[in-house]
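Some notes on the structure that comes next.
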Amino acid sequence: MWLALLALASAGEGPAVSYARAVRPLLEARCVECHNPDKHKGALDLTSVAALMRGGESGPVIARGRPEASALLEKVAGPDPEMPPTGPHLTGAEIATLTRWIAAGAADDAPAQVAPPPVARRPARAGARRLTRVEYDRTVREVLGSALRPAAAFPPDGASHGFDRVSDAQAASPLLAENYERAAEVLAAELVGRPLEDPARRRLLPCDLRRPGAGGCAERALVALAPRLWRRPARAGELEPFLALLRASAARGRADQGVRLALSALLLTPDFLYLAPVGAPADPFAVASRLSYFLWSAPPDEALLGAASDERLATRVQVLAQVDRMLDDARAGALAEDFVDQWLELRKLDLRGAYGRAFKGWNAELRASMKAEPVALFRELLAASRPAGELLTARFTFVDRRLAPLYAVEAPADGFARVALDRVPRAGLLTQPAILTLTSHPDRTSPTGRGAFVLDRLLCEPPPPPPPDVPAIETAEGLDKAKQSVRRTLERHRTAANCRVCHLTMDGIGLSLEAYDLVGRHRTHDNGVPIDTAGEVEGLGRFAGPIELAARLAAGPRFERCLTRQLLTYAAGRGFAGPADEAAIDHVLAAARAAGGSLRDVVRAVAASDELRGVVEEAP
Amino acid sequence: MTGRSRRRFLGGAAALVSLPALRSLPGARAAAEPARRLLVWHVPNGFHRRVFHPRGEGGDFTLSPTLAALEDLRGDLLIPRGVANTVAVPVPLGGSHAVGMAALLTCTYPTREPLGVGISVDQVIANAIGARTRLPSLQLGIDTLEGSQELAWPILLARHVSWAGPERPLPNVVSPEAAFARMFAGFDPRASRADVERRRALRASVLDTVRAHAAATRARLDGEDRARLDDYLSSVREVERRVQAFRWTPLPGALARARMPDESADLPARVRAFQELMVLAFKLDVTRVITFSQGNGLTGRALPHVGVENCHGQTHHGGNPAKIEACKRMDRWNVARLGELLRALKATRDPDGQPLLASSAVLFMSEIGDGNRHDQHDKPMLIAGQLGGAIRTGRVLVLGNRLAPEDVYAECSERTRTLATPSPEGCVGAAQLGDLYLTLIRAFGVRAERFGQTGTKPIDLA
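Laid out in structure tokens, this is it:
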């Protein structure tokens with residue numbers, strides 16, 4: 001069909017096609033997200049006629065007057081077009097537009113530009129966002145001293161750009177509001193029901209509510225509590241309606257009920273459930289919340305709120321002083337726990353049910369240990385100010401008695417212990433059982449899945465998904481029958497042209513990781529065939545095995561940039577995907593490198609970034 | 001189904017037959033027309049289509065092995081053939097479960113920025129009739145996190161079938177216990193009338209205070225931030241409305257003692273409880289619109305009750321006879337559960353005195369057609385119930401080109417892929433799922449000319 005279109009277009013039918021009015025808008029809508037001067041996938045920039053003539057890795061992509069010889073059309077037209085890799089293909093009409101324009105000589109009628117248009121820097125901001133389930137539970141534990149975890153019953157948080165804190169995936173629903181109402185009632189009843197001797201009760205509500213006249217004491221308690229729940233001082237008169245709820249009940253001798261109602265109401269206000277937006281000019285209390293939920297997944301403490309109210313949270317230096325204090329606090333463990341969990345998709349391990357005959361030892365304890373290991377490594381590198389790249393190259397890890405057998409090392413007496421890996425073929429996150437397990441199927445490894453994970457989560461370059469109708473190639477039964485290695489099977493598979501491009505990269509990485517089985521145990525043979533862990537991947541070069549692969553990944557700029565992008569997404573609660581966001585990432589990376597480039601420096605630079613402080617450009 | 005297990009299943013619902021008709025509900029009184037109801041039962045990961053479709057057409061048909069358990073209900077079935085959901089076909093490079101889920105009830109191709117789809121058929125109907133019942137609609141499901149991510153699309157799409165608007169997916173309640181609480185607006189239906197009234201007054205005072213305070217916060221926000229707050233506030237208002245609308249009704253002894261399983265219960269136990277709750281919700285006129293998603297698209301859940309370790313893994317059987325057998329077992333098990341629900345709906349009468357099934361349309365289908373092929377042509381699906389006379393059942397209704405069982409690729413997929421764009425004309429000889437939905441929403445009194453991206457021509461179902 002597209003040949004017919006070409007023929008039609010070549011015949012010169014239809015009106016002349018304008019580059020400025022028709023072709024450029026089309027390319028901008030469908031192609032330049034990836035092919036622009038900043039991103040230039042395949043070294044290709046499609047933002048001007050000159051750039052089109054310059055072309056990419058394989059030369060010019062248009063041939064003036066010759067649609068049939070133009071690589072651009074070859075990529076986007078035909079029965080199974082390669083581009084765009086995601087989203088719908090170009091329509092027949094769009095292809096006809098391109099074809100006609102090329103056939104007519106690909107004239108450039110765009111007004112001449114002295115310089116390429118500057119990429120506008122989006123004003124730095126972090127929009128209002130809701131507490132996630134994890135944050136809700138940590139918050140009520142921190143403020144109310146409650147051990148309840150009411151958010152466990154909430155509907156699951158949406159996720160966008162890989163993180164559930166990203167606000168555009170946080171639609172509310174009546175179901176959610178019902179859950180908030182129930183949780184508020186339960187939390188308030190629990191606080192009121194605690195004995196007076198309970199430390200949290202004595203701190204928050206030191207009133208014997210059965211006594212007549214307990215209302216005054218309860219009022220003072222609520223007035224003190226509200227700013228902690230709202231993470232800012234109450235405005236004049238703002239608390240009156242809440243206190244009125246208390247007084248109405250207290251007047252009937254039911255101060256206990258009054259506290260429950262008023263506290264329930266406070267817990268249902270958007271000021272509790274949502275982080276206030278950080279814009280320019282930024283509200284210092286909003287900045288304080290962003291910092292504390294980034295580093296602690298919990299509300300600001302007195303010191304941070306104090307800094308906000310004294311206007312000691314305005315400059316980068318002031319923020320960094322707080323960040324350093326907060327990173328040294330035990331609560332900073334939450335950053336490792338929550339960020340790593342989402343960044344590396346550790347919660348996928350929760351979905352892994354039983355294994356068949358492939359692995360007998362699966363249980364909830366092993367799963368918990370697996371998830372704890374990458375968190376422990378992140379925490380250690382952060383605390384010790386080690387280079388971020390050591391997340392991939394560290395020749396040590398933390399194991400307990402459940403993980404030790406997978407590593408074939410001696411089990412520590414109790415809990416987790418640091419063990420050196422210099423004598424075993426392991427390095428960093430990539431060779432940890434958690435990652436190797438969550439990227440495997442329940443009955444076999446998936447080199448493709450492992451390669452895709454590296455590209456997506458560690459390099460922020462997700463491969464396009466496989467075409468439909470592709471049967472799974474690596475079935476365990478099939479391999480058994482054929483008595484061949486996964487590598488051979490995949491090699492045969494890659495001969496199919498439409499699979500080749502992506503699989504070359506994914507499989508190159510994933511096959512090297514075949515040195516570990518479906519739960520991360522090291523192995524030298526697969527199905528009786530020796531495993532060849534060497535590989536070569538464009539952009540990474542040649543590597544002998546997983547350890548060298550990890551070193552290549554860590555040495556290149558792509559890993560650090562990706563980690564920065566992920567941390568920014570997590571901290572600001574929005575995606576960093578547009579061309580303008582690249583500038584923000586550059587900014588943070590430069591600050592981190594200038595400070596020494598350790599993992600701690602990256603975290604500090606993100607925390608002190610314009611994005612979290614609501615600053616567009618800071619005066620020097 | 002044996003007589004004994006049937007009695008056990010109907011325990012709750014049958015006990016309700018003795019309830020007085022709930023004429024006190026708002027709307028039940030006001031509605032001049034008898035109620036009509038919609039129930040969508042989605043099962044994940046497609047069917048083994050080769051043995052799904054019946055042989056024959058019109059009233060002269062033979063149920064397939066997969067559907068054999070519905071033999072006694074054949075008079076209540078309308079089995080459409082040749083229906084395609086073409087908007088979900090052009091998935092350039094995979095992601096067909098997520099796109100299939102998104103398009104299943106919306107007939108709309110999802111967008112990425114902003115992430116969204118379109119309003120779903122159940123929500124169009126809920127918008128029209130939902131105010132007449134305590135809950136406009138009810139979303140039930142099995143999976144929360146379960147259902148792994150397809151790299152092409154955020155997992156959000158694979159988790160929802162019901163969309164209140166382009167960017168408003170409605171989460172499923174996955175715990176029967178929570179669904180029960182929801183149906184009774186958070187009140188304990190076992191408490192006394194006086195207790196319920198006291199609690200209602202207190203809850204209303206709290207929600208009132210919250211709303212007034214939020215209005216002040218709202219005034220300080222603008223743009224997206226204000227929209228996000230509005231989103232929450234409208235949800236709070238909806239809770240308030242339900243608290244006000246709840247009318248205390250004495251519960252029959254059997255139900256007053258029953259304990260519902262929570263979300264930790266296994267899949268068969270939860271499906272059984274949800275069957276019971278769905279009948280109860282219609283019976284008490286708590287809602288007239290229900291979706292039940294028996295798993296997220298691409299779920300790899302283990303199904304020990306049919307001897308399956310990874311339910312998505314089985315569907316890509318690659319011709320392996322053992323896996324094909326497992327697919328057939330999954331399909332037969334699901335169809336048998338549907339049969340139980342339909343029988344209960346048939347045996348239970350609504351406040352108008354009609355069997356629930358006669359006033360309902362029950363749709364049964366998956367986000368993709370054949371589990372191995374991921375296509376959308378000649379979708380395996382069933383409609384049960386007469387929808388108050390809008391649907392004539394007991395027949396196979398041929399609406400478009402049927403696929404021969406051995407067709408490897410649907411003609412529709414090939415052609416649509418060539419056109420390479422979501423197109424209502426993309427599927428030669430197919431009827432659009434959107435047309436079917438357009439027909440349904442009109443049967444609920446919605447005056448619409450279009451539905452989604454493909455619904456343009458109503459179908460005569462009567």
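So the protein sequences, as listed, match chains R and C.
Count the first sequence with my numbering and you get residues 1 to 620, in order.
Count the second sequence with my numbering and you get residues 1 to 462, in order.
In this text, a Cβ means the ideal position worked out from N, Cα and C, and glycines have one as well.
All values reported here derive from a predicted model rather than from experimental measurement.
(1) Are residue 231(R) and residue 288(R) closer than 8 Å when you measure CB to CB?
(2) Can you confirm whether residue 449(C), when its beta carbon is compared against all beta carbons of chain R, has any partner nearer than 8 Å?
(3) Taking the straight line between their C-alpha atoms, what separation do you get for residue 294(C) and residue 16(R)?
(4) First and last residue of the beta strand (DSSP E) that includes residue 382(C)?
(5) Determine the contact status of residue 430(C) and residue 84(C), defining contact as a CB-CB distance below 8 Å.
(6) Please state the DSSP three-state secondary structure of residue 275(C).
(7) State the Cα-Cα distance for the pair residue 344(C) and residue 153(R), rounded to the nearest angstrom.
(8) From the beta carbon of residue 120(R), is the nearest beta carbon of chain C less than 8 Å away?
(9) For chain C, is any of its Cβ atoms less than 8 Å away from the one on residue 136(R)?
(10) Can you list, in chain order, the stretches of the beta strand (DSSP E) that have 3 or more residues and sit fully within the stretch 540–609 of chain R?
(11) Going by the beta-carbon positions, is the gap between residue 291(R) and residue 273(R) smaller than 8 Å?
(12) Leaving out five residues on either side along the sequence, give the residues of the same chain with a beta carbon under 7 Å from the beta carbon of residue 476(R).
(13) From which residue to which residue does the alpha helix (DSSP H) around residue 25(R) run?
(14) With H, G and I counted as helix, E and B as strand and the rest as coil, what does DSSP make of residue 503(R)?
(15) Would a check of beta-carbon distances place residue 274(R) closer than 8 Å to chain D?
(16) Candidates 432(R), 221(R), 363(R), 385(R): which alpha carbon is nearest residue 396(R)'s?
(17) Whose C-beta lies closer than 8 Å to the C-beta of residue 462(R) among residues of the same chain, with five residues either side of it excluded?
(18) When we look at the beta-carbon of residue 372(C) and count the other beta-carbons within 10 Å, is it buried (16 or more) or exposed?
(19) Determine the closest residue to residue 108(R) out of 447(R), 19(R), 171(R), 278(R), with distance taken between C-alpha atoms.
(20) Can you grab the Cα-Cα spacing for the pair residue 120(C) / residue 89(C), in whole Å?
(21) At the level of alpha carbons, what is the spacing between residue 297(R) and residue 137(C)?
(22) At 3 residues or longer, and completely inside the stretch 345–381 of chain R: list those beta strand (DSSP E) runs for me, N to C.
(23) Just tell me which of 240(R), 173(R), 258(R) has its CA closest to the CA of residue 234(C).
(24) By alpha-carbon positions, which one of 276(C), 168(C), 265(C) ends up nearest to residue 337(C)?
(25) Taking only beta-carbon positions, decide if residue 452(C) is within less than 8 Å of chain R.
(26) Check whether chain R comes within 8 Å of residue 206(C), counting only Cβ atoms and requiring the distance to be less than that.
(27) Residue 442(R) by DSSP, collapsed to three states: which one?
(28) Relative to the C-alpha of residue 430(R), which residue among 409(R), 414(R), 390(R) is closest?
(29) Within the same chain, show all residues whose beta-carbon is closer than 6 Å to that of residue 356(C), passing over the 5 residues directly before and after it, in chain order.
(30) So that I know if they touch, is there some Cβ in chain C lying closer than 8 Å to that of residue 507(R)?
(31) Under DSSP, the alpha helix (DSSP H) around residue 60(C) begins and ends at which residues?
(32) Tell me the residue span of the alpha helix (DSSP H) that contains residue 315(C).
(33) Mind listing the chain R neighbours of residue 213(C)? Cutoff is C-beta to C-beta under 7 Å, in chain order.
(34) Give me the Cα-Cα distance between residue 316(R) and residue 613(R), rounded to the nearest whole angstrom.
(35) Identify the contact partners of residue 186(C) in chain R, using a Cβ-Cβ distance below 8 Å as the criterion.
(36) Using the DSSP secondary-structure output, state which residues sit across from residue 370(C) in a beta bridge.
This is what the structure holds:
(1) Within the first sequence, residue 231(R) is the residue found at index 231, counting from 1. Within the first sequence, residue 288(R) is the residue found at index 288, counting from 1. Yes, Cβ-Cβ distance for residue 231(R) and residue 288(R) is below 8 Å.
(2) Against the second sequence, residue 449(C) aligns to sequence position 449. Not one chain R Cβ lies under 8 Å of residue 449(C).
(3) For the purposes of this step, residue 294(C) is taken as the residue at position 294 of the second sequence. For the purposes of this step, residue 16(R) is taken as the residue at position 16 of the first sequence. Residue 294(C) and residue 16(R): Cα-Cα distance of roughly 54 Å.
(4) Taking the first residue of the second sequence as position 1, residue 382(C) is located at position 382. From DSSP, the beta strand (DSSP E) with residue 382(C) extends over 382–384.
(5) Sequence index remark: in the second sequence, residue 430(C) carries index 430 (1-based). Sequence index remark: in the second sequence, residue 84(C) carries index 84 (1-based). Closer than 8 Å, so yes.
(6) Start at 1 with the first residue of the second sequence, and residue 275(C) comes out as number 275. Look at residue 275(C) here: in three-state DSSP terms it is helix.
(7) The sequence position of residue 344(C) within the second sequence is 344, counting from 1. The sequence position of residue 153(R) within the first sequence is 153, counting from 1. Their Cα atoms are separated by approximately 30 Å.
(8) Looking up residue 120(R) in the first sequence gives position 120. Per-residue confidence for residue 120(R) stands at a pLDDT of 44, beneath the threshold of 50, marking its modelled position as unreliable; the derived number appears in the next sentence. Taking Cβ atoms only, chain C never reaches closer than 8 Å to residue 120(R), which makes this a no.
(9) As a first step, residue 136(R) must be located in the first sequence, where it is residue number 136. Chain C, which has no Cβ nearer than 8 Å to the Cβ of residue 136(R), makes this no.
(10) Given a length threshold of 3 residues, each whole run of the beta strand (DSSP E) inside the stretch 540–609 of chain R is given here in chain order: 541–543.
(11) By 1-based counting over the first sequence, the position of residue 291(R) is 291. By 1-based counting over the first sequence, the position of residue 273(R) is 273. No, they are not a contact pair.
(12) By 1-based counting over the first sequence, the position of residue 476(R) is 476. Any reading at residue 476(R) must be qualified, since the residue scores a pLDDT of 44, below 50, and its modelled position is unreliable; no value is offered.
(13) Indexing the first sequence from 1 puts residue 25(R) at position 25. Unbroken alpha helix (DSSP H) run through residue 25(R): 24–30.
(14) By one-based count along the first sequence, residue 503(R) stands at place 503. Looking at residue 503(R) - three-state DSSP - the assignment turns out to be helix.
(15) Although the question refers to chain D, the structure presented lacks it and instead comprises the protein chains R and C.
(16) As a first step, residue 396(R) must be located in the first sequence, where it is residue number 396. The residue with the shortest Cα to Cα distance from residue 396(R) is 432(R).
(17) Indexing the first sequence from 1 puts residue 462(R) at position 462. Taken in chain order, the residues that qualify are 452, 455, 456.
(18) Position 372 of the second sequence holds residue 372(C). Residue 372(C) should be labelled buried.
(19) Position 108 of the first sequence, counted from the start, is the residue given in the question as residue 108(R). Closest by alpha carbon: 19(R).
(20) Start at 1 with the first residue of the second sequence, and residue 120(C) comes out as number 120. Start at 1 with the first residue of the second sequence, and residue 89(C) comes out as number 89. Distance between the alpha carbons of residue 120(C) and residue 89(C): 18 Å.
(21) Counting from one through the first sequence, the residue named residue 297(R) turns up at place 297. Counting from one through the second sequence, the residue named residue 137(C) turns up at place 137. Rounded to whole angstroms, residue 297(R) to residue 137(C) spans 34 Å at the Cα level.
(22) Fully enclosed beta strand (DSSP E) runs of 3 or longer: not present.
(23) Here the question's residue 234(C) lines up with position 234 in the second sequence. Nearest of 240(R), 173(R), 258(R) to residue 234(C), Cα basis: 173(R).
(24) Along the second sequence, one-based indexing puts residue 337(C) at 337. Residue 337(C) has its Cα closest to that of 276(C), out of 276(C), 168(C), 265(C).
(25) As a first step, residue 452(C) is located in the second sequence; it is residue number 452 there, counting from the start. Put simply, the CB of residue 452(C) is far from chain R, with every gap to its CB atoms at 8 Å or more.
(26) Position 206 of the second sequence, counting from 1, holds the residue named residue 206(C). Under the Cβ criterion of 8 Å, residue 206(C) is counted among the residues facing chain R.
(27) The residue labelled residue 442(R) in the question sits at position 442 within the first sequence. Assignment of residue 442(R) by DSSP, reduced to helix, strand and coil, places it in the coil class.
(28) The residue labelled residue 430(R) in the question sits at position 430 within the first sequence. Considering only alpha carbons, the answer is 390(R).
(29) As a working note, residue 356(C) is residue 356 in the second sequence. Only 282, 345, 348, 350 meet the Cβ criterion.
(30) Counting from 1 along the first sequence, the entry for residue 507(R) is found at position 507. No, no contact with chain C.
(31) Sequence index remark: in the second sequence, residue 60(C) carries index 60 (1-based). Element bounds for residue 60(C): not the alpha helix (DSSP H) but the beta strand (DSSP E), 60–62.
(32) In the second sequence, counting from the first residue as 1, residue 315(C) sits at position 315. First-last of the alpha helix (DSSP H) with residue 315(C): 311–315.
(33) Locating residue 213(C) in the second sequence gives position 213, where the first residue counts as 1. Contacts between residue 213(C) and chain R, judged by CB atoms closer than 7 Å, involve 241, 269 in chain order.
(34) Position 316 of the first sequence, counted from the first residue, corresponds to residue 316(R). Position 613 of the first sequence, counted from the first residue, corresponds to residue 613(R). Cα to Cα, residue 316(R) sits roughly 8 Å from residue 613(R).
(35) Within the second sequence, residue 186(C) is the residue found at index 186, counting from 1. Result: 178, 181, 182.
(36) Translated into the one-based positions of the second sequence, residue 370(C) becomes position 370. Beta-bridge pairing links residue 370(C) to 47(C).
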